[in-house]
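Under the working numbering, think of the first position of the sequence shown as 36, with each following residue one higher. C-beta atoms are modelled at their ideal positions from N, C-alpha and C, and glycine is treated no differently. To start, the structure itself, in structure tokens.
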Amino acid sequence: MAFSKSARRIKIRRRIRKTVNGTASRPRLSVFRSNKEIYAQVINDVDGVTIASASSRELKSAAGKVEMAKEVGIAVAAKAKAAGIESVSFDRGGYLYHGRILSLAEGAREGGLKF
């Protein structure tokens, strides 16, 4: 049975979320990628609270998509560090770990987050 691209991603996302969850001491760094933009949130799933967030829409840079993803990673890491978060668990959201997702993760590591 063939799945559409979005149905396949949702299936993978559910499988990932079985094991990756955010707590107060180690929240979840969730990533959403659209065709044009990329978004990242640091979420405490126990309390249902978003601690920090960043997106390519708020940065307004002329960089390419991969470079923009790295800038979003650095921005979300800075906001999380300001909120007292040092370590997160990375939720790639069903996307493959390459390209913009990899770049965002590298940016978050450069910004000082550990995962």
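- Beta-bridge pairing by DSSP links L148 to no other residue.
- Between the stretch 44-51 and the stretch 75-89, the count of Cβ pairs shorter than 8 Å is below three; the stretches do not touch.
- Each residue's CA atom was taken as its position, placing V55 and I73 some 20 Å apart.
- Residue pairing for Y132: DSSP places it in no beta bridge.
- For the 7 Å CB-CB criterion, L139 and G108 form a contact.
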